[in-house]
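Visitor: Numbering (UniProt numbering), first residue to last: 1 to 156.
(1) Rounded to a whole number of angstroms, what is the C-alpha to C-alpha distance between residue 51 and residue 43?
(2) Would you tell me roughly how many angstroms separate the C-alpha atoms of residue 53 and residue 77, rounded to the nearest one?
(3) Is residue 62 helix, strand or coil by DSSP?
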């Protein structure tokens with residue numbers, strides 16, 4: 001096998017010129033190890049750069065998701081508040097006039113979805129017995145939180 005390089009289990013011997021032009025021989029394996037180390041360093045740097053970019057992208061995605069979640073939560077809160085307003089119950093003292101013209105004496109629970117602004121200012125309509133116990137209330141100014149300025153439906 002003349003003319004062919006000798007391959008030994010240790011590796012191939014290479015002749016290399018250094019900076020000053022001198023020849024020196026070293027094993028190919030050493031060169032490969034150095035190249036591999038250089039490649040590994042480059043790969044590590046690339047991986048770090050990719051990880052940083054990936055982290056930035058993940059942070060942006062997380063921020064977008066958080067914003068979307070906040071918007072959804074705000075919408076849900078608004079819906080809950082609207083439902084609460086609709087279903088909120090009030091304790092109505094003394095008397096409240098109903099749409100059918102009857103009155104309820106004493107204390108009762110009236111849900112806000114049944115409360116209505118009075119029509120034609122008739123708050124002093126007659127009760128179940130034909131009396132007009134609150135006809136002076138017609139002259140009182142309208143206020144949304146006063147019980148006698150709403151007409152309501154019975155819950156039962």
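Idealized CB from N, CA, C, for every residue including glycine.
Only a predicted model underlies this, so the values are computations on that prediction, with no experimental measurement involved.
Guide: Walking through what the data contain:
(1) Mapped onto the chain shown, residue 51 falls at position 51. Mapped onto the chain shown, residue 43 falls at position 43. C-alpha of residue 51 to C-alpha of residue 43: approximately 12 Å in a straight line.
(2) Taking the chain shown and counting its residues from 1, the one referred to as residue 53 is at position 53. Taking the chain shown and counting its residues from 1, the one referred to as residue 77 is at position 77. Each residue's Cα considered, the two are about 36 Å apart.
(3) In the chain shown, the residue the question calls residue 62 occupies position 62. Here residue 62 sits in helix by DSSP.
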